[in-house]
Structure formats: structure tokens, C-alpha cells
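The structure appears below as C-alpha cells.
Numbering (the numbering used here), first residue to last: 234 to 309.
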């Protein structure tokens, strides 16, 4: 599948953007032996660009099923 990115030259520009925050959620099977210190190791690679760090509790799992019944269509 060939996906084309939008031409950024046609996107609007704002003096005061109506968008202040973007969130992306990605869900994977639980990692064995994963600790918060592992996340710190990754953050340390990006610390200069993203100096502020926030921690939040995990969100409950959510699955999109796209045309199947929700029951039994996805395994956590």
C-alpha cells in the first residue's frame, strides 16, 4: 500500500494555533520485566529536545474492531 503524505504547503497557518497538545496511544502486549527505569533510558536520549517529563497512570486497554463484533474479536 502506497500512502502519500499531505502537502504541508496547503495546510493553514495560525498565529494562535487552536491545537495545543497531541496524544498518540499505541498498545502492545505487556513486556516481561519492564520497569520505569527502562522508560528513563529512552527519555534520556531525547531529554534535550523534550526537557519536561510527566508521568500518568496507565489507561485501560481499548481495541478497535472494524466490522467485527467486539466480543472475541481481539485478544489483549
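Ideal Cβ placement from N, Cα and C applies to all residues, glycine included.
Where residue i sits in the DSSP three-state scheme
| i | result |
| --- | --- |
| residue 272 | helix |
| residue 242 | helix |
| residue 261 | coil |
| residue 278 | helix |
Inter-residue Cα distance where the pair is residue i and residue j
| i | j | result |
| --- | --- | --- |
| residue 306 | residue 265 | Any reading at residue 306 is ruled out, since the residue's pLDDT is 47, under 50, leaving its predicted position unreliable. |
| residue 251 | residue 244 | 14 Å |
| residue 282 | residue 269 | 20 Å |
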